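Student: There's a structure below that I have some questions on.
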Amino acid sequence: MLLVLFVACWLQVWTGVAGYTAGAPVGRCGDMTPGHNVTSQTSPSPYTIKVSNTTFSTNQTIKVMIQGPVYIGLLLQARSGSNPIAVGTWGTPPSNTQHLACSGNSQSAITHSNINIKNNETTYTWIPPDSVNSAFITATVVTNKTTFWINLKSETLNRGGGNNAAADPKVAVTPVLFLMLMSTVFQSFIDAPSTTSR
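In mature numbering (1 follows the signal peptide of the UniProt record, and there is no 0), the protein residues as written are -19 to -1, 1 to 179.
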């Protein structure tokens, strides 16, 4: 009997500390709250979301890192505007994390797969879709059951314009343009005052 009580108490404590130890459930995709029955932190977050590039093109990979103290849990998505729908896909999840099927897409989010420590070196890879021209990375980061921050956001990511002709103009030298240039140079020699000494 004592053994049963001990195990029950241990499980309760473990659940209280760890929350969803095997990752966030799909039901948390929308509001991205952990569902620990605890209010999120209101103090400034010690975490920031860093991205490898603030411009993107379709199928280009963007490296994403969560900078700050070590953490055990997370829910990571990309979104566009105020729409709470995950956009794009995530590449192969790093160790101790896994894909989560938000918005009907099996690779549209990342969550933890256990409560092993993740840190600044843990790198996630986002792959933009065709359907958006701007996006941001958003995350919930969990230190423990009672300490977590929600709605963290990266810088805005914007679709790049490819080769921007206005930024890097190039003039094609056609035969007609070449003749016009040579004519101008020749005429300048004719019109120049003579410098022959007497």
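For glycine and all other residues, C-beta sits at the position ideal for the given N, C-alpha and C.
In this text, all values refer to a predicted model and were calculated from it rather than measured experimentally.
When the Cβ atoms of the segment 34 to 48 are set against those of the segment 134 to 141, are three or more pairs found closer than 8 Å?
Tutor: Touching, yes.
Student: Out of VAL19, ALA82, TYR1, which one is the CA nearest neighbour of ALA67?
Tutor: ALA82
Student: According to DSSP, simplified to helix, strand and coil, what is GLY11?
Tutor: coil
Student: Of the residues ASN64, TYR28, ALA59, which one's Cα is nearest the Cα of residue 189?
Tutor: A query on residue 189 cannot be resolved here, the shown segment of the chain reaching from -19 to 179 and no further.
Student: Under 8 Å by Cβ, that's how I've got VAL123 and GLY11 pegged, so tell me the actual separation to the nearest angstrom.
Tutor: Actually they do not touch by this definition, with Cβ atoms about 17 Å apart.
Student: Compare the beta carbon distance of ALA94 and THR70 with 8 Å and say whether it is the shorter of the two.
Tutor: The amino acid at residue 94 is misidentified as Ala; the sequence shows Ser. Cβ atoms of SER94 and THR70: not closer than 8 Å.
Student: Apart from the five residues just before and just after PRO110, which ones in its own chain have a Cβ nearer than 8 Å to its Cβ?
Tutor: THR39, VAL68, GLY69, THR70
Student: Going by CA-CA distance only, name the one from ALA116, ILE131, MET46, GLN48 that's closest to ASN64.
Tutor: ALA116
Student: Taking the beta strand (DSSP E) that THR119 falls in, what are its first and last residues?
Tutor: 115 to 125
Student: Could I get the ranges of all uninterrupted beta strand (DSSP E) runs contained in the segment 62 to 105, with 3 residues as the minimum, in chain order?
Tutor: 78 to 83, 86 to 93
Student: Here's a check: name, in chain order, each residue in its chain whose Cβ is nearer than 6 Å to the Cβ of ASN114, leaving out the five neighbours to either side.
Tutor: For ASN114, same chain residues with a beta-carbon under 6 Å away, outside a window of 5 residues either side, are ARG140 in chain order.
Student: How big is the Cα-Cα spacing for SER112 and VAL7?
Tutor: 23 Å
Student: The beta strand (DSSP E) spanning GLN22 covers which residue range?
Tutor: Where GLN22 is concerned, there is no enclosing beta strand (DSSP E), given that its DSSP letter is neither H nor E.
Student: Hey, GLY4 and GLN58: beta-carbon distance below 8 Å or not?
Tutor: The criterion of a C-beta distance shorter than 8 Å is not satisfied by GLY4 and GLN58.
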